[in-house]
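*Asks:* Sequential numbering of the sequence shown, starting at 3, is according to our numbering.
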Amino acid sequence: MRRLVASLPLALLLAACSPTPTPAPAGTAQTAPANATLGSTEWYAWVDRTLGIADTDGHGPDRGSAQWNQAVQRKLGQEAPQSQPGSPEWQQSVDALLRTRAAPSS
């Protein structure tokens with residue numbers, strides 16, 4: 003019992019120092035394509051909307067271009083996949099990351 007009481011402050015300190023996940027933008031979970039093929043027009047549109055690559059007038063790099071891929075990398079910041087931007091592995095990592103972010107919290 004004494005060990006439990008002694009370790010409680012440490013556990014509280016570790017919990018307080020844990021990073022808080024970044025909340026997904028409102029409505030993102032509902033707009034995630036259920037079965038969109040990676041690299042498809044629907045998938046690119048979803049990633050574009052989710053990360054806000056294009057502005058409200060639709061101005062921005064062409065989806066899937068090298069410039070667009072770099073914009074996705076910048077928006078993801080430290081969470082950005084380390085694989086070659088635009089590659090199938092990169093797309094899979096971006097998809098998994100955005101779906102995790104978009105998962106509704108309980």
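Think of the CB as a built atom: it goes at the ideal place given N, C-alpha and C, for glycine as much as any other residue.
Being a predicted model, the structure only gives us computed values, none of them experimental.
(1) Within its chain, find whatever has a CB closer than 6 Å to the CB of I55; leave out the 5 residues flanking it on each side and keep chain order.
(2) At a cut-off of 6 Å, would you count P90 as near the ligand MG, judging by its Cβ distance to the nearest heavy atom?
(3) Can you give me the C-alpha to C-alpha distance between S95 and P83, rounded to a whole angstrom?
(4) If you drop the 5 nearest sequence neighbours on each side, which residues of the same chain put their C-beta closer than 8 Å to that of A47?
(5) Compute the distance between the beta-carbons of A1 and W45, then report whether it is under 7 Å.
(6) Going along the chain, which residues of its own chain have a beta-carbon closer than 8 Å to the beta-carbon of E81, five neighbours each way excluded?
(7) Quick check on G41: does DSSP put it in helix, strand or coil?
(8) Compare the beta carbon distance of G88 and N71 with 7 Å and say whether it is the shorter of the two.
(9) Can you check whether the CB of L53 is closer than 7 Å to the CB of D97?
*Replies:* A quick look at the data gives this:
(1) In the sequence shown, counting from the first residue as 1, residue 55 sits at position 53. If we look at I55 and ignore the five residues flanking it on each side, its Cβ neighbours are G62 and A73.
(2) This structure simply doesn't include the ligand MG, nor any ligand for that matter.
(3) By 1-based counting over the sequence shown, the position of residue 95 is 93. By 1-based counting over the sequence shown, the position of residue 83 is 81. Rounded to whole angstroms, S95 to P83 spans 6 Å at the Cα level.
(4) Here the question's residue 47 lines up with position 45 in the sequence shown. Excluding residues within five positions, the ones whose Cβ falls inside 8 Å are R65.
(5) Because the chain in this structure spans residues 3 to 108, residue 1 falls outside the shown range and cannot be described.
(6) Residue mapping note: residue 81 aligns to position 79 of the sequence shown, counting from 1. These residues qualify, in order along the chain: L99.
(7) Position 39 of the sequence shown, counted from the start, is the residue given in the question as residue 41. If DSSP states are grouped into helix, strand and coil, G41 belongs with coil.
(8) For the purposes of this step, residue 88 is identified with residue 86 of the sequence shown, where counting begins at 1. For the purposes of this step, residue 71 is identified with residue 69 of the sequence shown, where counting begins at 1. The answer is yes: Cβ separation under 7 Å.
(9) Your numbering for residue 97 matches position 95 in the sequence shown. Your numbering for residue 53 matches position 51 in the sequence shown. Not a contact, by the Cβ cut-off of 7 Å.
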